[in-house]
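Novice:
Numbering (the numbering used here), first residue to last: 27 to 165.
Here it is in structure tokens:
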């Protein structure tokens with residue numbers, strides 16, 4: 027556990043430094059428990075640390091299913107996008123993914139569309155159901 031916190035501190039420094047060089051920083055983590063529809067404590071801890079360090083968007087992947095999203099302070103977190111192209115046809119949840127569409131404006135406003143992409147029996151994207159646009163104003 028001590029080893030992991032040391033790594034988290036290093037990653038946090040990298041995120042902080044990078045965020046000072048750009049208008050909006052997007053961070054991606056390979057984390058989470060496979061096939062779980064809700065994020066775990068470790069995902070939340072890492073994503074919150076990233077936002078606290080200056081990231082505006084955190085996108086997770088690994089669980090092979092779509093997980094929840096969250097507005098945290100001045101940031102947006104998508105804990106897992108699910109599958110886009112992957113051969114896991116054993117459940118409906120592994121045969122879809124979130125096609126996340128985000129528009130970032132310099133004034134701090136953000137538009138988020140959480141679209142759902144469905145895979146066909148060849149595990150290729152076949153159909154997209156467009157989500158409702160959500161507007162968020164960050165400072």
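Think of the CB as a built atom: it goes at the ideal place given N, C-alpha and C, for glycine as much as any other residue. Note that the coordinates shown come from a computational prediction; the quantities given were computed from them, not determined experimentally.
#1: Which of helix, strand or coil does DSSP assign to residue 144?
#2: Would you mind giving the Cβ-Cβ distance between residue 154 and residue 136, rounded to the nearest angstrom? I have them listed as a contact below 8 angstroms.
#3: Alpha carbons only, please: which of 118, 111, 37, 156 is nearest the one belonging to residue 72?
#4: Quick check: what's the CA-CA separation for residue 145 versus residue 124?
#5: Can you give me the Cβ contacts of residue 109 inside the same chain, cut-off strictly under 6 angstroms, excluding the 5 residues immediately before and after it?
#6: The alpha helix (DSSP H) spanning residue 77 covers which residue range?
Specialist: A quick look at the data gives this:
#1: strand
#2: With 8 angstroms as the limit, residue 154 and residue 136 do not qualify as a contact, their Cβ atoms being about 21 angstroms apart.
#3: Comparing C-alpha distances from residue 72 to each of 118, 111, 37, 156 shows the shortest one belongs to 37.
#4: Taking the straight line joining both Cα atoms gives about 11 angstroms.
#5: 90, 120, 123
#6: The continuous alpha helix (DSSP H) containing residue 77 extends over residues 67-79.
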